[in-house]
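At position 136 of the sequence shown (counting the first as 1) the number is 135 in numbering that gives the first Met the number 0, and the numbers step up by one without a gap. All C-beta atoms, glycine included, are put in the ideal place defined by N, C-alpha and C. The model shown is predicted, which means the values in this text are computed figures rather than measured ones.
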Amino acid sequence: MSLIKKTCKYYLKLHDTDVDDDSWRGGGYDGNFGDELVCFEEVWDDSDYCILHMNFPEDEKSADFQVLLEEKNKKIEENIKNYKGNFKGAILSEINFKNRNIDGIDLSYSTIKGDVVFTGATINADFSDSTINGDVFFNEAIINAGFNGSVITGNVFLNDATIESFVTFGGATIKGNVDLTNLTIEGELDFDFYGSAIIEGDVLFNGSKAEKYALLKGAIINGKKIGD
Ligand SMILES: [Zn+2]
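Laid out in structure tokens, this is it:
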């Protein structure tokens, strides 16, 4: 270990719309230089990146992978305990916050290698521009979340969930199905927030308390835009 603290090389080119967005401040890292957001966390071990921004080794069965996974999970819990909800650009294996109360977590620009599980949770989260290589579970959850610009390779489950104020999928691509069965919408569900969501699978909505048209307006399903 070097005596000089090296900081993480992760940075994010902010869109114009992001520059005035203070939502990520107060997190573990915060440096906003013009249109770039820079990570100030110390690097992990001898790498160029901090624990959350470090990529996993290829071999998921390797000891290095397991160690990194444990350290990332430890860091996530530590940050949440300390009300540091900034996980912008984090590279994570999977997220499991089943039955938890998670308020103000920023996972925008993150890469999640597996499932995102918030079953039964109460959650307020930003997943904008994230890449989720798995399913997203919000069954029986109370949820406010933005998935604008996200790419989700699996399915999205909102069965028996309640949308308190908003869930947006503007410009998102969902490769699997979207299950809205028995979804309660107190606020709004938006598939056309600054751009249509593309849903490659099916949409299930039996028992939803809002009508189909309102639910899916603006979404592109099987190449057809709903509402046109
Ligand atoms: Zn970092």
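The residues VAL116, PHE117, ALA120 and ILE122, in chain order, have a CB closer than 8 Å to that of PHE96 in the same chain once the five nearest residues on each side in sequence are set aside. DSSP, reduced to helix, strand and coil, places ILE75 within a helical segment of the structure shown. When secondary structure is reduced to three states using DSSP, GLU69 falls in the helix class.
According to the DSSP assignment, ALA140 belongs to no beta strand (DSSP E), since it is labelled neither H nor E. Only residues of its own chain outside the window of five on either side were considered, and among them ASN132 and LYS174 have a CB closer than 6 Å to the CB of THR152, listed in chain order. At a Cβ-Cβ threshold of 7 Å, SER127 and ASN147 count as neighbours. Proximity annotation: ligand 1 has residues CYS7, TYR9, CYS38, GLU40, CYS49 and HIS52 in chain order, each selected because its CB is closer than 5 Å to a heavy atom of the ligand. DSSP, reduced to helix, strand and coil, places PHE165 within a strand of the structure shown. Around the CB of SER149, 16 or more other CB atoms lie within 10 Å, so the residue is classed as buried. The C-alpha of ASP178 is placed about 27 Å away from the C-alpha of GLY88. Counting the other CB atoms within 10 Å of its CB gives GLU76 a total below 16, which places it among the exposed residues. Excluding its 5 nearest sequence neighbours in each direction, HIS52 has C-beta neighbours in its own chain below 7 Å: CYS7, TYR9, CYS38, GLY88, ALA89 and ILE90, listed in chain order.
In the structure shown, the three-state DSSP call for ASP102 is strand. For PHE64, same chain residues with a beta-carbon under 8 Å away, outside a window of 5 residues either side, are PHE55, PRO56 and ASP58 in chain order.
The Cβ-Cβ distance between ALA171 and ALA196 falls below 7 Å. Straight through space, the alpha carbons of ALA144 and GLU70 are spaced by roughly 26 Å. Within 10 angstroms of the beta-carbon of ASN158 lie 16 or more other beta-carbons, which makes it buried. In the structure shown, LEU214 adopts helical secondary structure according to DSSP, grouped into three states. Shown here, LYS80 sits in a helix according to DSSP, grouped into three states.
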